[in-house]
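Okay, so the sequence shown: first residue is 35 according to the working numbering, each after it adds one. Just so you know, even glycine gets a beta-carbon here, dropped at the ideal spot from N, CA and C. Okay, structure first, notes after.
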Amino acid sequence: LILSLIHLVCHDRHMSAPAQSGLYIVATPIGNLGDLSRRAEETLAAADIILVEDTRVTGKLLNHIGKKSRMMVYNDHKSASDREAILDAVRCKIVALVSDAGTPLISDPGYKLVRDAQAAGLYVTTIPGPSAAIAALTLSGLPSDRFLFEGFLPSKTKARTESLAALKTLNASLIFYENGSRLGAMLADSLSVLGDRKAAVVREITKRFEEAVTGSLSELSQRYGAEKPKGEIVVIIGPPGAPEAASDEEIEAALREAMVRLPASKAAGEVARMFNTDRKALYELTNRWKSEK
Ligand code: SAM
């Protein structure tokens, strides 16, 4: 099917905006058709082929804009020779790549195709737009200056806790895609691995029942242990809090250890930096220890 489509396309090129042949990565709405950008609409209308995850889903979007462009199912499990055939079309046609909703390549197919198209020196461009990950971050009320997008965690507890453990020391908000039936278990595992951080469960963004439920991981895991929410869900977990203040005993032990290696004034400086504490007070302590000997 892929080869026959490609054969067709390289002979019947209709010129309409955008005019340049290439691969167009087109973001589509995540729930509200009003979020389809003008450029996305023009590109889909002009495309010779639209690579889709599901022809029924994208068919509805095309209906909405009153166009009947040719669709072809694409995913990253297609063979290298299938991708080659698509790239042959990209050379002389406008090929748009969409996913069911949001931005292609973000927990969705497209990465291998973009990689191969660029390696072949073909024109690749993006028509940016909605993505649930970024939309949820903006609604979470959690720090947005540094974040890590993890996508879907594994569904089995052992693999999930291992993935979470790898994120534990990261000083960033964490973004996960989830579904209602796994949400309670995911939040419980996050609580046990990451500790009781602030978090948000953001649901049905841009749709009728959009909501952002914020709280600590213990509050959220209690709530969603009992309730399985419907619809599409993004979980955001805030960064770790400031480390707990070290005890006097810990600071003194570090100072004694440093004094074995360093002169007293340098030891006091090193430990003061380590625990963000007063260097002069530590130096006086070293003098007191010396006089007690
Ligand atoms: N590529 C898409 C994007 O950029 O948003 C994401 C695709 S991923 C296969 C689908 C997941 O995104 C859903 O399971 C859900 O976690 C999240 N999602 C998509 N639309 C959403 C919405 N309207 N509200 C909340 N989460 C959404």
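So what does DSSP say about residue i, is it helix, strand or coil?
{"i": "Gly100", "result": "coil"}
{"i": "Ile83", "result": "strand"}
{"i": "Arg237", "result": "strand"}
{"i": "Gly249", "result": "strand"}
{"i": "Leu156", "result": "coil"}
{"i": "Lys112", "result": "coil"}
{"i": "Ile270", "result": "strand"}
{"i": "Ile64", "result": "coil"}
{"i": "Leu57", "result": "strand"}
{"i": "Asn321", "result": "helix"}
{"i": "Lys232", "result": "strand"}
{"i": "Lys327", "result": "coil"}
{"i": "Leu121", "result": "helix"}
{"i": "Asp150", "result": "helix"}
{"i": "Gly144", "result": "coil"}
Can you find the residues in the same chain that come closer than 6 Å, C-beta to C-beta, to residue i, ignoring five residues on each side of it along the sequence?
{"i": "Leu296", "result": "none"}
{"i": "Leu288", "result": "Before going further, note that residue 288 is Ala rather than Leu in the sequence given. These residues qualify, in order along the chain: Val305."}
{"i": "Ala81", "result": "Ser103, Ile128, Ala130"}
Could you name the residues of the same chain whose beta carbon sits closer than 7 Å to that of residue i, not counting the 5 residues immediately before and after it, in chain order?
{"i": "Met308", "result": "Ala288"}
{"i": "Ala53", "result": "none"}
{"i": "Arg117", "result": "Lys146, Leu147, Asp150"}
Please work out which residues of its chain come closer than 8 Å, Cβ to Cβ, to residue i, disregarding the five sequence neighbours upstream and downstream, and give them in chain order.
{"i": "Leu182", "result": "Leu201, Leu204, Ala206, Ser207, Leu208, Ile209"}
So who's on the other strand from residue i, going by DSSP bridges?
{"i": "Leu131", "result": "Ile59, Leu85"}
{"i": "Gly136", "result": "Thr62"}
{"i": "Met106", "result": "Leu85"}
{"i": "Asn213", "result": "Glu266"}
{"i": "Ile161", "result": "Val60"}
task = Output the residue ranges of the alpha helix (DSSP H) runs that lie fully inside the region 168 to 211 and measure 4 residues or longer, sorted by chain position.
result = 191 to 199
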